[in-house]
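*Asks:* The structure under discussion is supplied below as structure tokens; questions concerning it will follow.
There are 4 protein chains.
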Amino acid sequence: MAARNVGFIGLGIMGSRMAANLRRAGFELTVFNRTRERAEAWVAEHGGRVAASPREAAAGADAVITMVVDGAQVDEMLLGDQGAVHGAPDGALFVDMSTIAPADARRIGAALRERGHGFVDAPVTGSAPRAEDGTLTIMAGGEDADVDAAMPLLEAMGKLIVRVGGPGQGQAVKVLSNAVTAINCATIAQALVVGRREGLDLEALVQVMRAGSAASTMLDLKAEPMLRHDFTPLFKLEHMLKDVQLCLQEARGAGAGFPFAGLAGELYSAGMGRGLADQDFAAVLEVVEGLAGTRL
Amino acid sequence: MAARNVGFIGLGIMGSRMAANLRRAGFELTVFNRTRERAEAWVAEHGGRVAASPREAAAGADAVITMVVDGAQVDEMLLGDQGAVHGAPDGALFVDMSTIAPADARRIGAALRERGHGFVDAPVTGSAPRAEDGTLTIMAGGEDADVDAAMPLLEAMGKLIVRVGGPGQGQAVKVLSNAVTAINCATIAQALVVGRREGLDLEALVQVMRAGSAASTMLDLKAEPMLRHDFTPLFKLEHMLKDVQLCLQEARGAGAGFPFAGLAGELYSAGMGRGLADQDFAAVLEVVEGLAGTRL
Amino acid sequence: MAARNVGFIGLGIMGSRMAANLRRAGFELTVFNRTRERAEAWVAEHGGRVAASPREAAAGADAVITMVVDGAQVDEMLLGDQGAVHGAPDGALFVDMSTIAPADARRIGAALRERGHGFVDAPVTGSAPRAEDGTLTIMAGGEDADVDAAMPLLEAMGKLIVRVGGPGQGQAVKVLSNAVTAINCATIAQALVVGRREGLDLEALVQVMRAGSAASTMLDLKAEPMLRHDFTPLFKLEHMLKDVQLCLQEARGAGAGFPFAGLAGELYSAGMGRGLADQDFAAVLEVVEGLAGTRL
Amino acid sequence: MAARNVGFIGLGIMGSRMAANLRRAGFELTVFNRTRERAEAWVAEHGGRVAASPREAAAGADAVITMVVDGAQVDEMLLGDQGAVHGAPDGALFVDMSTIAPADARRIGAALRERGHGFVDAPVTGSAPRAEDGTLTIMAGGEDADVDAAMPLLEAMGKLIVRVGGPGQGQAVKVLSNAVTAINCATIAQALVVGRREGLDLEALVQVMRAGSAASTMLDLKAEPMLRHDFTPLFKLEHMLKDVQLCLQEARGAGAGFPFAGLAGELYSAGMGRGLADQDFAAVLEVVEGLAGTRL
């Protein structure tokens, strides 16, 4: 079965752009958004139909996609009183593209499969411009047949689609990847503070590191804003901390320790107490500066 | 004064290739190597003269370059009984391109300046092929006039030459950069072990991380060998541990803490006890596996 | 109001002994236990009445005490369908002596206060013999008037009763104290493994540390069992890990980082993966041994 | 051979008291101190003879004891131009009671044994009052016969004398014990800062921890001064950092990692940069406060 009729739930910054790409690829969309005006505006621009509830969005849909804020919202949108599961035809495919706890994804997926539906967790990386271009990276977890069925949808929204394992593992890869990002960023903050105390030319230090084996995407993206103490949020510190915690929980559930992530989590936690929740996560620099009693 | 006559001390894997590039750029070289046969073979191929001692290599030289194993050797080659300082003309320029402790570089530099010579510490990053191509990255520390004078030499050997500050700071940047590299590598080892315990498809995990904000040169270079437990040494674990220790010492001397490097150092130290000294430093994976009781 | 009639919920190893001390001090008890036989046996030995539900246990009680396994059980026993709150007279005092998340204690306390009841969270430290002797340490959090009212009850069960702050802070002190305990224990494990690799006489090492500034209760209690790899559980590793996690969550909620606890948590997490969940938490030694590749 | 004639080198705060106890126990002392006046004053009070050099102090001595500042001084006093080794009779026993690097102790011991002398490294713990009372704890490393010979001397100065292994291992135990002390102290600092942010009554927190399994000598000694920010030095932060570093070096040499000590070392290092070198090591609290952006 190829999905042609799609219920799409969540038309935020990311979701509205992702849905537009599905439309461009020829899918028929019935959309639901909490603030109904956003859904109506989207349909006015892109076509399709507005649904009054997730349940209605799922009626007659081959596939239902969710792109919302957290596990509680996915729960409500799919399994709540007016949830999509109550409207979806037998054997529909559910694809959650939000970032939620891997354990929540497994639980929700199990509930859906119990009722005969398919489920794929397919969180994304990449910001609004890449959602717009359809060049997101998507990590898909689920049963093989479900992921196969989801592929035409995912390919309309992303450029690199990676199958990462069974149900919940899309989310597990996402939070693990973000934990590594958080560690890399905190490492750079520490290196810059050490360099400052040693009296090094920090621009030169960054240039050297970027040219060699210490290079990383975080170094490319965060070193320069750190030098300027510019923490305009691209990804908020509190959200990064949330992902590190989800990663640590998931690792713990699997009986694994992750010492660097544990230590990084404590630095970002201290950032919360310093009022940095809504700053970019690169503001972890201020925690490291506090430890050293040194400002860049 | 433009240096035309150069005394070059240390014709190992790196030094022999670097000296060849100087020759190609038109400098006149007098070379010294502990094992005299290597010096003779080099001269047979590239021209120039063989010196019987560092002192003799420095006679009549505008500049003396050292590329040896550690601070003790730089000490001996420059300041020892038969050291270059005893043969060099007034106002010669000394350029040490070995990787040594920043404190040693400052001490040796001070001793040379006291006798009226210039000194630049200019360690390199990049392996033999880049030494061969003259595309090394070189981080130069020293007085401005000294670094200016060294530039034509450095440009013959490297592609990116970065001025990083005063005497000793080339070394400081080098060890700090290597400490970040060591942390990044150990972070990847931890992430892979966590992923294994969570039952993730590790190839997919690496692919996702490389495509996103978790990307790093270490991820590009070390993840795949880790998955195969292939630790053929490109840079030995014991040498990486040495650099981390030098970085921590230097940071301590500056009154700065570097928590991630401290933790990473302990993991690499445990690697020594596991007999991994001569393996590539990516073998820190085995320490992380030991902690988790899990093999990839 | 002095509490004379007490509803006591939870007659496990600790609870049964604590209730007996209340009885000895002259309180009238109505007891509830999930397994009714335990409640009947207790009453046969100590007197009082058996209740069929928490609700019934609270009927006519001046105070209701809970000593159960976790926050979910406290919730059910106090606020569930048959919960004590539905039977308690106006203005009753609730005292929870279980160890639960500080956040749960605050939430449950708020729900009770909303209905006009008092609430004190008063977790204990000390094992069965001290419960038996009435010499537990009790840390009491709550409004001053509530803690005042609870004092005669607490003094019947404990020796050292410490007022630690407002509602939930009894639990906060408990988990913070346990996190320090977990760190101290893991520190000893690391020191012993280092000492073994250095070839030290470990008995002598422990003797010296116990005689000096490195001394701790953990050193007194855990070093010797570690040397024998005897991990007969006094407090299970999985429970210690749970407390460390509760502490880290609480600290995070307060915007504070706790780096040593974060690192310790990762070691205990790795212990779960090594199958040590049901061993004494001193079995964290095996994680440290794994890291070092060395067995004591 | 029972030592009756003792050369004693180093009459500082500790050494002068230790020597006095030897005298009281009936040993004949020839003393040397860099500042000769101190030696003369000591002899005026306690008897014995003043030597003009370490060499002279060793002339005719059965045993030579050193109690100086560091390894370099032990080196000079024993092996330098005017060193005791040049004056000591064949087969004399050398006992170094200073705290120095284990590696230095092994090297110096080997040099002495090569010339037919015995060597024991016997560092002490305990402050001036315990030196005065002869109740120090002494950890003795060395060949069995040497330690046997040193026992009557050590028993005159200490209360608990522990044989800890071969040459150098007295020092190894000392620095390992001090590293555990440093970790325990930093743990308390972190717990207090977390407690402050959680709004706990810190006096109550300390009381609870001291009454339970979190208790430690550091908690007894340092929590209260931390609450008052009183860092009057009993043992300076820079000396504690030195011992942690010696421990880490020794562990590294043995191929062992010590993650908590590595992390603690970085906190104390940051303390140096905050100008806390001459404060008591409990001032590591200020580093932890800096990290949290919170003052107790």
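Protein chains in written order, with the working numbering: chain A, 1 to 296; chain B, 297 to 592; chain C, 593 to 888; chain D, 889 to 1184.
Glycine residues also receive a C-beta, built at the ideal position from the N, C-alpha and C atoms.
These figures come from a predicted structure and were not determined experimentally.
Is the Cβ of C/Gln-799 closer than 9 Å to any Cβ of chain D?
*Replies:* Closer than 9 Å to some Cβ of chain D, the Cβ of C/Gln-799 qualifies, so yes.
*Asks:* Ends of the alpha helix (DSSP H) at A/Thr-217?
*Replies:* First-last of the alpha helix (DSSP H) with A/Thr-217: 217 to 227.
*Asks:* In this structure, how does DSSP classify C/Asp-889 when only helix, strand and coil are distinguished?
*Replies:* A query on residue 889 of chain C cannot be resolved here, the shown segment of chain C reaching from 593 to 888 and no further.
*Asks:* Compare the C-beta of A/Val-194 against all C-beta atoms of chain C and say whether one is closer than 9 Å.
*Replies:* Closer than 9 Å: no.
*Asks:* With C-beta atoms as the reference, is A/Val-85 less than 9 Å away from A/Val-120?
*Replies:* No, these two residues do not count as a Cβ contact at 9 Å.
*Asks:* Beta-carbon of C/Arg-699 versus every beta-carbon of chain A: anything under 9 Å?
*Replies:* C/Arg-699 does not count as touching chain A.
*Asks:* Kindly say whether D/Gly-959, judged by its beta-carbon, lies nearer than 9 Å to any beta-carbon of chain G.
*Replies:* Considering every chain present, this structure includes no chain G. Its protein chains are A, B, C and D.
*Asks:* Please confirm if A/Ile-13 has its CB atom under 9 Å from at least one CB of chain B.
*Replies:* It does not; no Cβ of chain B falls within 9 Å.
*Asks:* Please identify the residue among A/Thr-125, A/Ser-213, A/Leu-11, A/Leu-29 whose C-alpha is closest to the C-alpha of B/Met-505.
*Replies:* Answer by Cα proximity: A/Thr-125.
*Asks:* Which parts of the region 1017 to 1087 of chain D are runs of the beta strand (DSSP E), unbroken and 3 residues or longer, counting only runs that do not cross its ends?
*Replies:* Runs of the beta strand (DSSP E) inside the region 1017 to 1087 of chain D: 1024 to 1030, 1046 to 1053.
*Asks:* For the beta strand (DSSP E) that B/Leu-325 lies in, which residues bound it at each end?
*Replies:* It spans 324 to 328 - the beta strand (DSSP E) in which B/Leu-325 sits, taken as one unbroken run.
*Asks:* Going by the CB atoms, is the gap between B/Thr-331 and A/Ala-214 shorter than 9 Å?
*Replies:* For A/Ala-214 and B/Thr-331, no; Cβs fall outside 9 Å.
*Asks:* For C/Asp-713, report the span of its beta strand (DSSP E) as first-last.
*Replies:* Residues 710 to 713.
*Asks:* Measuring only the C-alpha atoms, how far is C/Gly-701 from C/Gly-760?
*Replies:* Cα to Cα, the separation comes out at about 8 Å.
*Asks:* Using a Cβ cut-off of 7 Å, which residues of the region 1024 to 1054 of chain D contact any Cβ in chain C, in chain order?
*Replies:* From the region 1024 to 1054 of chain D, only Thr-1025, Met-1027, Leu-1048, Val-1050, Arg-1051, Val-1052, Gly-1053 have a Cβ closer than 7 Å to chain C.
*Asks:* Applying a beta-carbon distance threshold of less than 9 Å, which residues of chain B neighbour D/Glu-1154?
*Replies:* Chain B residues near D/Glu-1154: Leu-544, Ala-547, Arg-548, Ala-552, Gly-553, Phe-554, Pro-555, Phe-556, Ala-557, Gly-558, Leu-559.
*Asks:* Anything in chain B within Cβ reach of D/Met-955, meaning under 7 Å, just list it in chain order.
*Replies:* By Cβ distance, chain B contributes nothing, its closest Cβ being about 27 Å from D/Met-955, past 7 Å.
*Asks:* Check whether chain D comes within 9 Å of C/Ile-889, counting only Cβ atoms and requiring the distance to be less than that.
*Replies:* Past the edges of chain C, shown from 593 to 888, lies residue 889 of chain C, and the structure says nothing about it.
*Asks:* Chain B beta carbons: is any one of them nearer than 9 Å to that of A/Gln-279?
*Replies:* No, A/Gln-279 lies away from the interface with chain B (no Cβ there is under 9 Å from its Cβ).
*Asks:* For D/Val-1172, decide whether its Cβ has a neighbour in chain C, counting only Cβ atoms nearer than 9 Å.
*Replies:* Judged by the 9 Å Cβ criterion, D/Val-1172 is not in contact with chain C.
*Asks:* Could you check how far apart the C-beta atoms of A/Phe-32 and A/Ala-51 are, in whole angstroms? I think they sit under 8 Å.
*Replies:* Confirmed, about 4 Å.
*Asks:* To the nearest angstrom, how far is the alpha carbon of D/Asp-950 from that of C/Gly-854?
*Replies:* Each residue's Cα considered, the two are about 54 Å apart.
*Asks:* If we define contact as Cβ-Cβ less than 9 Å, is A/Val-226 a contact residue for chain B?
*Replies:* Position check: residue 226 of chain A holds Met in this sequence, whereas Val was assumed. Chain B, which has no Cβ nearer than 9 Å to the Cβ of A/Met-226, makes this no.
*Asks:* Between the Cα of D/Arg-943 and the Cα atoms of D/Val-931, D/Val-1050, D/His-934, D/Ile-897, which residue gives the shortest distance?
*Replies:* When only C-alpha atoms are compared, the closest one is D/Ile-897.
*Asks:* Is the CB-CB distance between A/Gly-255 and C/Ser-861 below 9 Å?
*Replies:* Yes, they are a contact pair.
*Asks:* Helix, strand or coil: which one does DSSP assign to B/Ile-309?
*Replies:* The answer is helix: DSSP assigns B/Ile-309 an H, G or I state.
*Asks:* What are the boundary residues of the beta strand (DSSP E) that A/Ala-63 is part of?
*Replies:* From DSSP, the beta strand (DSSP E) with A/Ala-63 extends over 63 to 66.
*Asks:* Given this structure, state the Cα-to-Cα distance separating C/Leu-603 from C/Met-610, to the nearest angstrom.
*Replies:* Approximately 9 Å between the Cα atoms of the pair.
*Asks:* At the level of alpha carbons, what is the spacing between B/Leu-537 and D/Pro-1121?
*Replies:* So the two alpha carbons sit approximately 34 Å from each other.
*Asks:* Quick one: Cα of A/Ala-41 to Cα of A/Asn-5, how far?
*Replies:* Spanning the two alpha carbons is a distance of roughly 20 Å.
*Asks:* Classify B/Asp-442: buried if its beta carbon has 16 or more other beta carbons within 10 angstroms, exposed otherwise.
*Replies:* With 16 or more Cβ atoms within 10 Å of its Cβ, B/Asp-442 is classed as buried.
*Asks:* Applying a beta-carbon distance threshold of less than 7 Å, which residues of chain B neighbour A/Ile-183?
*Replies:* Under the 7 Å cutoff, chain B gives Thr-483.
*Asks:* In this structure, does DSSP put A/Arg-49 in helix, strand or coil?
*Replies:* Three-state result, A/Arg-49: strand.
*Asks:* In this structure, how does DSSP classify B/Val-420 when only helix, strand and coil are distinguished?
*Replies:* Three-state result, B/Val-420: strand.
*Asks:* Chain B partners of A/Leu-241, CB-CB under 7 Å?
*Replies:* Residues of chain B passing the Cβ test: none, with the nearest at roughly 15 Å.
*Asks:* Can you find the residues in the same chain that come closer than 7 Å, C-beta to C-beta, to A/Ala-88, ignoring five residues on each side of it along the sequence?
*Replies:* If we look at A/Ala-88 and ignore the five residues flanking it on each side, its Cβ neighbours are Ala-58, Ala-61, Val-64, His-117.
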